[in-house]
Amino acid sequence: MKNPIIVVGLGELGSVFARGFLRLGYPVQGAMRNQDLNVLAKDIPEPQAVLIAVGEADIATVLQTIPSAWQERIILLQNELLPRDWIAAKLPTPTVISVWFEKKKGMDSKVVIPSPIYGSQAKLVFDALGKLDLPAYIVDTEAELLYELIRKNLYILTTNIAGLEVGGNVHQLQTEHPQLLQDVAQDILEIQAYLSGQTQDADRLMTGLLEAFAGDPEHGCMGRSAPARLKRALSFADQANLEVATLRRIAQQRL
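Okay, here's the thing in structure tokens:
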């Protein structure tokens, strides 16, 4: 019998991955985000993998509670994720997927573009998504992983924060408000450079952003998390003494 896979956080995304793992023939053990994982680790000391599927607001707390026996088996999927998050928890490099499909209650998963995966459990994740007809691909280097994480952060933060000002969908943002798109994206890239400790190729990232726009042109810009994302971005900008004038203007008008 295959070793079980533990899924911490059984929301919409966690449930999608759990279904994929089950279709591969793995037993799946669910865990709530506030559950004592060390107690569970005594019963399951050697899981095949441990998927952390809690939201980004809870990820730092959960990573601090990972049992030592599980630390080489972690899979992460959060938005706004960067290496600093697992480094702060003194974890080795986990398997990471940048999720580019949307799953909401009562609807099927909606794909924007294929989801990149990196790490020792990448094939497991790739195969699980394949069982659900969700496109993905494996990247080979930590440098490429960092690009993919920043590309997703750029997409989420730019669309959400610009959406606070103009609403609409990503096609409208690109075609009707190109200067706002450029200005918000530039501010976000400055913050991402500070958080990652590296300056990425801005042209490549903008091309990657527009590729995602083309994948789902009607994707709404402003999710319910947009105000919190803007506040969090500005807190990082304050730490780094960044001007980010466009973000500050939107905050002054909308928060």
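Residues in the sequence shown are numbered from 198 upward in steps of one, following our numbering.
Here a beta-carbon is modelled for each residue, glycine too, at the ideal position from N, C-alpha and C.
A quick note: this is a predicted structure, and the numbers were derived from the prediction, not measured.
In the three-state reduction of the DSSP assignment, E299 falls in the strand class, which pools E and B.
When the alpha-carbon of F298 is set against those of L329, L361 and D380, the nearest one is in L329. Residue pairing by DSSP places Q232 opposite no residue, since no beta bridge is assigned to it.
Taking a cut-off of 8 Å for Cβ pairs, the segment 231-245 and the segment 403-420 do not touch, as fewer than three such pairs fall below it. Runs of the alpha helix (DSSP H) lying entirely within the segment 255-280, each at least 4 residues long, are 256-260 in chain order.
The Cβ neighbour count for E408, taken over all protein chains shown within 10 Å, is under 16; the residue is labelled exposed. The way I'd put it, the segment 330-337 doesn't touch the segment 381-394; fewer than three beta-carbon pairs between them come closer than 8 Å. Per DSSP, A333 is one residue of the beta strand (DSSP E) stretching across A333 to I335. A residue is called buried when at least 16 other Cβ atoms come within 10 angstroms of its Cβ; Q450 does not meet this threshold and is exposed. If you look at S393, you'll find it in the alpha helix (DSSP H) that goes P375 to S393.
Buried is the label assigned to L326, since at least 16 other Cβ atoms lie within 10 Å of its Cβ. Contact check for L406 and Y352: beta-carbon distance about 6 Å, within the 8 Å limit, so the pair qualifies. Look at the beta carbons and you see the segment 416-436 touching the segment 352-369: at least three pairs across the two are nearer than 8 Å.
By the Cβ test, the segment 306-326 is not in contact with the segment 256-268, since fewer than three Cβ pairs between them sit closer than 8 Å. In the three-state scheme derived from DSSP, where H, G and I count as helix and E and B as strand, S422 is classed as coil. By the neighbour-count criterion, in which 16 or more other beta carbons inside 10 Å mark a residue as buried, P291 falls on the buried side. Residues P291 of the same chain have their beta carbon placed closer than 6 Å to that of W283, with the five preceding and five following residues left out of the count. The three-state reading of DSSP puts G327 in helix, counting H, G and I together.
Within the DSSP secondary-structure output, S432 pairs in no beta bridge.
Take M198, set aside five residues on each side of it, and the residues of its chain with a beta-carbon closer than 8 Å to its own are P224, in chain order. Remark: three or more beta-carbon pairs, one from each stretch, lie closer than 8 Å, so the segment 201-214 and the segment 224-238 are flagged as touching.
The residue among A448, I347 and K287 with its C-alpha nearest the C-alpha of Q275 is I347.
Shown here for P424: same chain residues with a beta carbon closer than 8 Å to its own, the five before and five after excluded, namely L361, R451 and L452 in chain order. When the Cα atoms are used, P280 and P375 turn out to be separated by approximately 30 Å.
The Cβ neighbour count for R426, taken over all protein chains shown within 10 Å, is at least 16; the residue is labelled buried.
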